[in-house]
Every structure is written in C-alpha cells, then in structure tokens.
Amino acid sequence: MAKRIGLYPGTFDPITLGHVDIIERAVKMVDELVIGVAINRDKGPLFSLEERVAMTKAEMAIISKKSGVPIMVTPFETLLMKFAEQVNANFIIRGLRAVSDFEYEFQMVGMNQKLNDDIETVFLMADVRYQFIASRLVKEIARLGGDINAFVPPAVATALRAKFAKS
Ligand code: ADP
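Take the sequence shown: its position 55, counting from 1, is numbered 54 in numbering that gives the first Met the number 0, and each next residue is one higher.
#1: Which residues does DSSP pair with Thr73 in a beta bridge?
#2: Alpha carbon to alpha carbon, how far is Phe11 from Arg51? Give it in angstroms, no decimals.
#3: Can you list the alpha helix (DSSP H) stretches of 4 or more residues lying completely in the segment 40-87, in chain order?
#4: Given 8 Å as the limit, tell me if Lys2 has its C-beta closer than that to any heavy atom belonging to the ligand ADP.
#5: Please determine, among Thr55, Met110, Ile21 and Val29, the residue with the shortest C-alpha to C-alpha distance to Val36.
#6: State buried or exposed for Pro59, treating a residue as buried only when at least 16 other CB atoms are found within 10 Å of its CB.
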C-alpha cells in the first residue's frame, strides 16, 4: 500500500502545546508527517522563519522517537496545495478550536478542493486542556510578563522570555 503522508501547515509562531497535541494525534494516522512552516509575512511573525523551524524541529524529535513516525519540518512560501503536491501529501491536517476557526477553515477547504480535489483536509481537535491555546495570546501574555508555562513546551517558554527580555 502507498505511504500515507500528512501535511500539517501553520505559522507556528511559536509552536504551542495545542499544536503538539494535534501532532501527537496526527502521527497515529500517517506513515510520515510533514510540518509546513509558513513564512506568513502578513501575520508579522514574532519569531523568524529559522527560529520557528528550529523550535518546531526540536519538539518533533521527541514525538518522532516516541511514535516511530518520521516527521519533517519544512518551511514553505508557495500556495499550500502546491506545497502539498510537492511533498506528495495525501491529506492536510488542521486543528479545529471553537467556532472561531470554523468559518475560515470552511472557506479554505472549499477553495482548496477546487485546486486539488484529491487531497483531503482532515480536522483534529486537541484535548480540552489545550483547546483554548492560541499562539497570538501566548505572545501577548509573554509580552506582558505573564506565566506561559502551561501553554508552550519548556524550550519555547525560554525562547519567548528571551525575546521579550531583549525588547
Ligand atoms: P495558521 O496561521 O495557519 O492559523 P497556526 O500556527 O496558528 O497557523 O495554527 C496551525 C493549525 O493548528 C491551525 O489549523 C490551527 O487551527 C491549529 N491550532 C492552533 N492552536 C490549536 C489548539 N490550541 N488546538 C487545536 N488546534 C490548534
């Protein structure tokens, strides 16, 4: 049987425990997982692309070892569907939080189906403990000196504190 390759795209600015939870669920469904880190200049990321890729890679090493599923972390700037084709993904994985994510994801799936109807989008939900976590809010809390340890892996918490200590 052909390999099942999943692509989990996002900005990962930075990777949170919500993302990690989704990835831990995704590896149960695939033979190989590609994490696509979007350049996303429009979002004005706090961490550079290199920093986001490095932080994500470090966390993936742990999950890959535990699950035995190879995980590749790759930056991308092209159209998502083009990137999915390039990495031979059979499906795209997205996390779904409360209703707020639905409208946007609903539109994206509709558009992406028009671009390539062979690549399915699969939605996963994180454990209730992590569903409310958003990178945007984590950055805001860190910027204001709040405790972020419950939201991100320890290495990411350290990187966030370092980022805001400098500014
Ligand atoms: P994007 O810019 O594509 O929204 P993000 O890095 O913010 O990138 O998120 C990537 C994916 O992970 C999206 O599908 C998003 O809905 C999902 N996600 C982010 N945080 C959570 C969470 N706490 N629980 C479940 N899914 C999440």
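Ideal placement from N, C-alpha and C gives every residue a C-beta, glycine not left out.
Looking at the coordinates:
#1: Gly35
#2: 6 Å
#3: 48-66 and 79-85
#4: no
#5: Thr55
#6: At residue 59 the sequence reads Met, which differs from the Pro that was named. Burial call: buried.
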